[in-house]
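Below is one structure, written out as structure tokens; comments come after it.
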Amino acid sequence: MPPASEKSAAVRERLDTMKKAARAHEQTEVELTAADINALIAANRKSRGTASVGIDGSVAQAQFSVPLEKLDVPFRNAFGLSDQYLNATITIVAPPGTNANSVQLSEVRINGHSVPADVLDWGLPGVGRSLRSYVIKYAKQYGVTDGEIRDGKVILHTSGH
Numbered sequence: 002m003p004p005a006s007e008k009s010a011a012v013r014e015r016l017d018t019m020k021k022a023a024r025a026h027e028q029t030e031v032e033l034t035a036a037d038i039n040a041l042i043a044a045n046r047k048s049r050g051t052a053s054v055g056i057d058g059s060v061a062q063a064q065f066s067v068p069l070e071k072l073d074v075p076f077r078n079a080f081g082l083s084d085q086y087l088n089a090t091i092t093i094v095a096p097p098g099t100n101a102n103s104v105q106l107s108e109v110r111i112n113g114h115s116v117p118a119d120v121l122d123w124g125l126p127g128v129g130r131s132l133r134s135y136v137i138k139y140a141k142q143y144g145v146t147d148g149e150i151r152d153g154k155v156i157l158h159t160s161g162h
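Using this note's numbering, the first residue of the sequence shown is number 2, and each one after it goes up by one.
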């Protein structure tokens with residue numbers, strides 16, 4: 002198995018090829034396994050060690066453990082939470098035709114508590130933007146028009162338009 006840096010470089014190359022195809026109005030798709038996504042996470046200095054992804058059939062699960070000191074959370078210090086972590090598990094199901102505007106979370110747990118699945122649309126404290134706005138931003142950046150989760154992979158598509 003290639004080192005993580007080689008793996009992430011190969012995945013980035015596939016994503017860049019997809020981006021070029023989208024700009025050329027070509028229809029294409031890229032399949033990403035959990036190992037591919039985890040290699041990208043490990044290669045990013047901001048996300049390394051804070052997140053991981055698993056995919057089982059048509060269900061993806063992302064796990065995060067982020068020190069609150071890295072987040073701009075109002076009143077964090079006032080409540081004595083400065084050395085605490087935000088631990089989250091998010092379950093995603095994406096049938097064919099799912100796009101950045103319609104992706105839904107089927108289950109969200111933060112520090113052991115269930116959170117409404119519409120958390121993607123909430124404004125982030127100290128930021129104002131929603132998590133969905135970031136999903137949309139990166140989908141546009143790579144020309145992704147829709148995608149799906151199936152057979153243990155995330156499959157991203159460009160429409161060719």
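Quick reminder that beta carbons are idealized off the backbone N, C-alpha and C, glycines included.
Query: 8 Å Cβ shell around residue 121 - same chain, five flanking residues per side excluded; Result: 104, 105, 106, 131, 132, 133, 136
Query: Test item: CB-CB of residue 55 and residue 35 under 8 Å; Result: yes
Query: is_contact[residue 154, chain D] using C-beta, thresh 8 Å; Result: No chain D is part of this structure, which consists of one protein chain only.
Query: Status (buried if at least 16 other CB within 10 Å, exposed otherwise) for residue 66; Result: exposed
Query: Environment of residue 144 [buried if 16+ CB atoms lie within 10 Å]; Result: buried
Query: Simplified DSSP assignment, three categories, for residue 133; Result: helix
Query: Reduced DSSP secondary structure (H/G/I, E/B, other) of residue 112; Result: coil
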